[in-house]
Structures are given as C-alpha cells and as structure tokens.
Amino acid sequence: MNHMTDVTSQGLHVLTKPIGPICNLDCEYCFYLHKDQLYGGGERWRMSDETLEAYLRQTVEAQPDMVDEITFAWQGGEPTLMGVEFYERAVELQRKLVPANKRIQNTIQTNGVLLDDRWCEFLRANRFLVGLSIDGPAELHDRYRRDKQGRPTFEAVLRGLKLLEKHGVEYNLLIAVNRHNGDHGRRVYTYLRDNGAHFVQFIPIVERRAVGTNPVSSRSVQPEQFGDFLIEVFDEWIHRDVGRVYVQIIEEAVRAWLGLEPALCLFRRQCGRAIVLEHNGDLYSCDHFVDPNYKLGNIHDRPIIELANGDGQVRFGQDKEAALPEYCRQCDVRFVCNGECPKNRFIKTPDGDTSLNYLCAGYRKFFRHVDPTMRMIVDEIKQGRQAANVMHRLNAERRAKKKQVPYVSGPPGRNDPCPCGSGKKYKKCCMRR
Ligand code: SF4
Ligand code: SF4
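Offset between the sequence shown (1-based) and our numbering: plus 957.
Here it is in structure tokens:
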C-alpha cells in the first residue's frame, strides 16, 4: 500500500501491479487483497512479456520532453513474487526504450519477506529504490502483519531490512498507522530511526464500513490518534533529526509553508495523474479506485497517454477540488491539507455536509501544532540557511529553560515525565544529572 507521489510536472506516474493483488502475506488491513474478485478468480496473475513491453514503451512515450527522469513503480500484492528474472527483463527493455538523455528510476514496494542476497544485488546494481513495509517493533508490527498461516512476520521483515542495508540498497520505510500502533508515535519512529532508517512514510489505515454505527473498522486509526501520533514523531524529529531523517508528511508541510506545490497526491488541490496498471493491461484512475467504475481502458487497445488524458480521468482529478466541503474551504490549514484523499471523505461537517475527511481532526491538530516551527524553518530556508538551525535554537532554548525550571510542588516522581519536556521518564533524563 502506498500513496503516490503525483509527479505531474515531471511526467506521468504509473503504479504497476505485475502480479495483481497476489501476496505471500495476509495483512489484516490490506485493501488490495480482495481485488482478486475483480477478475473472477480464474485469472492468471502474471504480467506477460507482451504487456510488460507495452507498458514500458507507452510510459516512455507518455513523458513530456522536459522530463529528465522516468520512473517505473512496481507494487502489488507482493511484486517480488514475480521473481527477479522478470525485473531483469524489465530493466533490459528499459535500457533499449529510454532515450540516452533521460535517467531511469525504478521503485518497488515490498513486505521484504522474499528478499535475499540475489535480490539485493540486483536492486543495488540497478539503483532500485525500495519501499519496505514495517509497522514498528515486533509487538506492534505483528498485530496485523501476518502470513497466510497467521504467523508473525516481523523477524522476516527485519532480516530483509538488514539485507538491504548490507548491500547498500536505497530504501524507505512505510508504516501503516492503525488503532494498535497509533498510540505509539514516538516509539515507532525512534525504533525505526535507531535501526538506521533515513526515510519514513506514515500511512493512516482507514477502512470504511458501510453498515453499523461505526463508520470504520476496529483496526482503523482514530482521527485524533493519528494527529497525536504525528505530533509525537514531529516533536522527536525537530529536536534530533532535522536534516538527518526524511519524514514524508513533514517534508510535505515544509513545501506547503514555502508555498510550493505538494509532491504527494493526497495534499494536492487536484489529483488524477497517479494511475494504476493491473497485470493484464487494465488501467485505473488510482490505487484506491481500482473498480469497474474507474477503469480507464486497456493499454493494448489505447495507449496510456490517451487514457490518462481522457475526459473521465481529468474529471476524476478535478472532482477532488470541486467536491471540497465549505468547511474545508474556510479551514486555516487548507493550504497544506486540501481535504486529503477523497476516499476518506465520508463524515459530516458541523453544518451537515457529508463529505468531510474522516481524518480531519487529526490533520488539523497536527498542522496547527507544527505551524510555529514551520514558520521558523521556512524563514531559515528563505534566508539561504539550514533548516537544522531551528533544531539547534529550540534545543538551546530548552536547555536554558531547564536550568530555570522550579519545582512548584516538589520534584517529580521517578516515573513521571521529565519536566524538561524531553518526553522521557524523569529517572531516565534529568534525575541522572
Ligand atoms: S484539516 Fe479538515 S477542514 Fe481543514 S482542509 Fe483538512 S479535512 Fe478540511
Ligand atoms: S484519490 Fe487522488 S488523492 Fe486519493 S490516492 Fe488517489 S490520486 Fe491520491
């Protein structure tokens, strides 16, 4: 699962599922596993060489001249089930098809279970960027991420992660924020950072339920819970990791406060340039709208560029902005949120409009929380200085404040939060000094 970086200004982005929804795991919250029903179950879930070549050729042809890098994004299901030989053929074809003046970038999203030395050598040699799904330390990760026999998967994923590191493969971590790990933002983030992560991306799990009083499943993260999770991550990051760790939503915030276009489709005013290709050449509007109503056609009948520029897809993208409720239009953080993804817009605004984003309360809380710091960061960047200066300044202020902290009602208990604001227990922080 992933949210697409909609790279309109850099070209068309096609997310490809060479093995459809087939996966070697059975993660409880996966929204794609049940898509096998779409093809009647009898489908042979493997992209043929003919479809592979059509996809690569048409993707290259769809890019505007100004684009100097063409991205091929592989996802599933579990795309490594295709075997490394499939990607060797893909890379060979790319070299033939992509003009010499353009760079090739491949990205692959995996659960990491099948990674081995051969895979990692291939990924490294061909500069693949790997997205690895992991939900935190074992007891948080294993709650929902289990294999077909219901067994935990953390150890296998960690082994995959270590292999990526051993071979020097570039990777980022994708963390699905759900009801179970949602109360542990700092813990999840620091665990992954301390295990070497430099790029992390948080994806809220929102499973809509059409029946019952609760609009979402019990696995779904709660709106405020998601906001608090992100705040914990931000508060840790701003004091330790600016310039060292890339947290996707924080980068998006910096872009928005700088007045730049979001890189991520979720936060754009309009979407529609991140389309999905199924194993048999069927093209859909978006990863979250792979159903017959949003099928654009098949690339063996019409080229990708025509399907992507067709009226239906243009309308799909524009609808995101057109359907934004008045409540969002008046919102002080609309410039960064833009009502997020339409798939999550199904709760009521205070005035009864039914298209408010389920995660609204969380996004509001988070974006308002980061506002003062974002202003400081943007100030630094505009002056041509490092954003990390803000971290140093905040830490200096914190140290100065700590020296002045009076114990109003006696010193804190050993297990109380430390009054310096570090978020650690008192006994693990200032009490030692
Ligand atoms: S924070 Fe809420 S009200 Fe504001 S733009 Fe986002 S979804 Fe709309
Ligand atoms: S509907 Fe739009 S915003 Fe949501 S994931 Fe798809 S492209 Fe992105």
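For every residue, glycine included, the Cβ atom is placed at its ideal position computed from N, Cα and C. Only a predicted model underlies this, so the values are computations on that prediction, with no experimental measurement involved.
| Check | Outcome |
| --- | --- |
| Given 8 Å, three or more beta-carbon pairs between the region 1127 to 1144 and the region 1178 to 1187 | yes |
| Reference K1059; option with closest CA among V1168, D1022 and A1030 | D1022 |
| Under the three-state DSSP convention, the category L1013 falls into | helix |
| Any beta strand (DSSP E) of 3 or more consecutive residues that is wholly inside the region 1083 to 1128 | 1086 to 1090 |
| CA-to-CA distance, V1199 to D1192, given in whole angstroms | 11 Å |
| N1314 Cβ short of 6 Å to ligand 1 heavy atom set | yes |
| Own chain, CB closer than 6 Å to Q1227, minus 5 neighbours either side, in chain order | G1274, Q1275, K1277 and E1278 |
| Three-way DSSP call (helix, strand, coil) for R1226 in this model | coil |
| Which of helix, strand or coil DSSP assigns to N1301 | helix |
| In DSSP terms, what V1204 is bridged to | V1157 |
| Cβ-Cβ distance between A1011 and L972 below 7 Å | no |
| Stretch-stretch touch, CB-based, cutoff 8 Å, three pairs: the region 1285 to 1301 with the region 1248 to 1258 | no |
| When E1218, D1185 and F1224 are compared against R1144, the one with the closest alpha-carbon | D1185 |
| For K1300, the nearest candidate out of I1206, Q1066, D993 and C1243 (CA to CA) | C1243 |
| CB of K1053 within 7 Å of CB of E1235, strictly | no |
| N1171 to H1245 span [Cα, whole Å] | 21 Å |
| A1082, buried or exposed, once every other Cβ within 10 Å from all chains shown has been counted against 16 | exposed |
| Beta-bridge pairing of Y1241 - partner residues as DSSP gives them | V1233 and K1252 |
| T1067: first and last residue of the uninterrupted beta strand (DSSP E) it sits in | R1060 to T1067 |
| 7 Å Cβ cutoff, D1073 in contact with chain B | Going by chain labels, chain B is absent from the structure shown, which holds only one protein chain. |
| Contained beta strand (DSSP E) runs [length at least 3] in the region 1264 to 1319, N- to C-terminal order | 1302 to 1304 |
| beta-carbon R1286 near ligand 1 non-hydrogen atom, thresh 6 Å | no |
| Close beta carbons around T962, own chain, < 8 Å, minus the five adjacent residues each side | Low per-residue confidence applies at T962: pLDDT is 41, beneath 50, and the placement is therefore not dependable, though the value from the model is reported in the following sentence. Once the five neighbours on either side are set aside, the close Cβ partners of T962 are H970, A1220, L1221, C1222 and A1231. |
| Beta carbon of A1213 nearer than 7 Å to that of F1292 | yes |
| Reduced DSSP category for W1076 - H, G, I as helix; E, B as strand; rest coil | helix |
| Selected residue, minimal CA-CA separation from Q1062, among L1009, E1127, S1005 and L1072 | E1127 |
| Paired residues, beta bridge with H970 - DSSP | A1231 |
| Reduced DSSP secondary structure (H/G/I, E/B, other) of I1162 | coil |
| Simplified DSSP assignment, three categories, for V1024 | coil |
| Element boundaries [alpha helix (DSSP H), containing E1354] | A1345 to Q1361 |
| Cut-off 7 Å between Cβ atoms - residues of its own chain near R1325, not counting five sequence neighbours on either side | V1290 |
| E1018 to V1163 span [Cα, whole Å] | 36 Å |
| Residues sharing a beta bridge with W1031, DSSP | T973 and I1065 |
| Rounded Cβ spacing between C1294 and Y1320 (contact assumed at less than 8 Å) | 5 Å |
| Same chain, Cβ closer than 6 Å to S1366, five either side skipped, listed in chain order | Caution applies to S1366, whose pLDDT of 48 falls short of 50 and renders its modelled position unreliable; the value that the coordinates give is listed next. Closer than 6 Å at Cβ, skipping near neighbours: no residue. |
| Three-state secondary structure (DSSP) of A1047 | helix |
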